[in-house]
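In the UniProt record's numbering, the protein residues as written are 1 to 556.
In this text, a Cβ means the ideal position worked out from N, Cα and C, and glycines have one as well.
These numbers were taken from a predicted model, which means no experiment stands behind them.
Only one structure is covered here, and it is reproduced in the block below.
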């Protein structure tokens, strides 16, 4: 620790200014909690990472007023987001998984049924674009202090607070920050996780030729690829698969920039010429290639920290769990971590949370991390089944038969992208904050989401009027704290709950939803929805002791 320096005191200190740290800061601000974000970079990252913002993440962006801005990023709105497979990009097509454009998704929402469960469909926009947006949004909020170029060296805690020592890039100045809570969103080499003493456990990389072992990620500029090679229908993800190589080329801007993932070159070889030659071999054409950036990564990882918290130190995002990128679950799981944690820190800092509220974070989120990392690893291992042979590219009957075999197998991989169960189906069954009821929750499926108001799951969605714009979603009308939904024509009186909440200082909104379709979705006359939009309780009448009922939901 630095002695003799003044200590900066803040309610919450977030270590790491990537998308998870920035989203957590914005969610804390939404709940009225000031925070400081320390990041060792000098601003938003300029290199690509994941490109998937799933339906649940988009709902969180909607709550923050950012969903429409996020949808303005990425590919042109009319471009489909298909996944297309080729032997080489100028060679034989193998399969195509059709996926709608951003514009088509908007039309689908505008025409959706009243009880449609996806008010905010998944959106493809690379993390580096969205991180800039989140960074600008955080910088614009008076309650968020974003401090770039500070590398955290050490984190400690005592009975009343946690303290971090950081060093500023450039001049080497050191500073101490003291906070009621410190949240590590600082990635795989997390200083906060080291301070907790929590190690990763789980599965490492996979030993397979297609996105296995150690792999390479490349940021590329390919100025003529669309004009000279990819002249057919547009896609978001372009695969070149043959006996020589396997390359996944992801479109970033619909013009010239791409993100390439491959295990077909040495990730430790720094020569951009060899990377460019791989791209030309995958293209099957002599195209100009500019390598903008490269990094090594390990596909197939499914690693989860043994603990997500120790008293005043907490973990979120990659600091808590490491994913293979297959399926696009990593960053999205991290942002959902933040949605779970932000309101609990607000309860602790604002005085209405009980002693078990922040402690419930790890109990609720670690099982979700285990579930989601396992789902991503299964999808990654499926790639090993492709196993193309040398005849795949032959202009012969044998070659055509092999292309039919591989294409038929690839056509089944739509499951990788039909992951709505992973996106919306996270449940906190067994949490001490819930009031369980006698009904069983729906079975967990990665590919299907069944709306259910059995406590623990995401509150079922509904549109509350004829429109489909801002304010028309049931989620738009939920309060920032708890919401008591009064459902159907004969809901219980809200006055006892309102009085109990006021006495305990617990933020509570009462929302009437008389539509019988919404009542049918929830299966009861009332439901208590938590600040993270998960159901805490449902019933046909309020409990006899509303105070105890609310105290349980906030960790007493």
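**OP:** Please determine, among 354, 423 and 497, the residue with the shortest C-alpha to C-alpha distance to residue 53.
**Re:** 423
**OP:** Measuring alpha carbon to alpha carbon, tell me which of 318, 474 and 94 ends up nearest residue 514.
**Re:** 474
**OP:** Find out if the Cβ-Cβ distance for the pair residue 262, residue 252 is shorter than 8 Å.
**Re:** no
Original post:
DSSP on residue 112, reduced to helix/strand/coil?
Top reply: coil
Original post:
Does the Cβ of residue 153 have 16 or more other Cβ atoms within 10 Å, making it buried, or fewer, making it exposed?
Top reply: exposed
Original post:
Excluding five sequence neighbours on each side, which residues of the same chain lie with their C-beta closer than 7 Å to the C-beta of residue 480?
Top reply: 30, 31, 507 and 531
Original post:
How should residue 270 be labelled, buried or exposed, when 16 other C-beta atoms within 10 angstroms of its C-beta is the threshold for buried?
Top reply: exposed
**OP:** Report buried or exposed for residue 486, applying the criterion of at least 16 other Cβ atoms within 10 angstroms of its Cβ.
**Re:** buried
**OP:** Look at residue 177 and residue 40 and say whether their C-beta atoms are less than 8 Å apart.
**Re:** no
**OP:** Specify the secondary structure class of residue 248 as computed by DSSP and reduced to three states.
**Re:** strand
**OP:** May I have a chain-ordered list of the alpha helix (DSSP H) segments no shorter than 4 residues that lie completely inside the region 21-78?
**Re:** 55-63 and 67-71
Original post:
Would DSSP call residue 157 helix, strand or coil?
Top reply: strand
Original post:
Going by Cα to Cα distance, which pick from 501, 435 and 518 is closest to residue 510?
Top reply: 501
Original post:
What's the gap between the Cα of residue 346 and the Cα of residue 116?
Top reply: 31 Å
Original post:
If we count the other Cβ atoms within 10 Å of its Cβ and call it buried at 16 or more, is residue 135 buried or exposed?
Top reply: buried
Subject >> Exposed unless 16 or more other CB atoms sit within 10 angstroms - verdict on residue 412 >> reply: exposed
Original post:
Taking one C-beta from the region 304-323 and one from the region 355-364 each time, how about it: are there three or more such pairs within less than 8 Å?
Top reply: yes
Original post:
What are the uninterrupted segments assigned as beta strand (DSSP E) that are 3 or more residues long and contained completely in the region 263-346, given in chain order?
Top reply: 290-297, 302-305, 313-315 and 321-323
Original post:
Expressed to the nearest angstrom, what Euclidean distance is found between the alpha-carbon atoms of residue 257 and residue 237?
Top reply: 13 Å
**OP:** Quick one: residues in its chain with C-beta nearer than 6 Å to the C-beta of residue 49, no 5 flanking neighbours on either side, listed in chain order?
**Re:** 127
**OP:** Keeping to the same chain, check which residues put their C-beta closer than 8 Å to that of residue 229; ignore five residues upstream and five downstream.
**Re:** 89, 90, 283, 284, 285 and 287
Original post:
What number of angstroms, rounded off, separates the C-alpha of residue 170 from the C-alpha of residue 319?
Top reply: 26 Å
Subject >> DSSP beta-bridge partners of residue 237 >> reply: 83 and 250
**OP:** Compute the beta-carbon to beta-carbon distance between residue 379 and residue 327, rounded to the nearest angstrom, for a pair I have assumed lies under 8 Å.
**Re:** 5 Å
Subject >> Separation of residue 534 from residue 490, as counted between CA atoms >> reply: 23 Å
Original post:
Using the rule of at least 16 other Cβ atoms within 10 Å of the residue's Cβ for burial, across every protein chain shown, is residue 215 buried or exposed?
Top reply: buried
**OP:** Determine the extent of the alpha helix (DSSP H) in which residue 500 is found, giving its start and end residues.
**Re:** 495-504
Subject >> The beta strand (DSSP E) enclosing residue 537, as first and last residue numbers >> reply: 535-539
Subject >> Local conformation of residue 196 per DSSP, three classes >> reply: helix
Subject >> Which of helix, strand or coil DSSP assigns to residue 143 >> reply: coil
Original post:
Mapping DSSP to helix, strand and coil, what is residue 391?
Top reply: helix
**OP:** Please report how far the alpha carbon of residue 187 lies from the alpha carbon of residue 342, in whole angstroms.
**Re:** 19 Å
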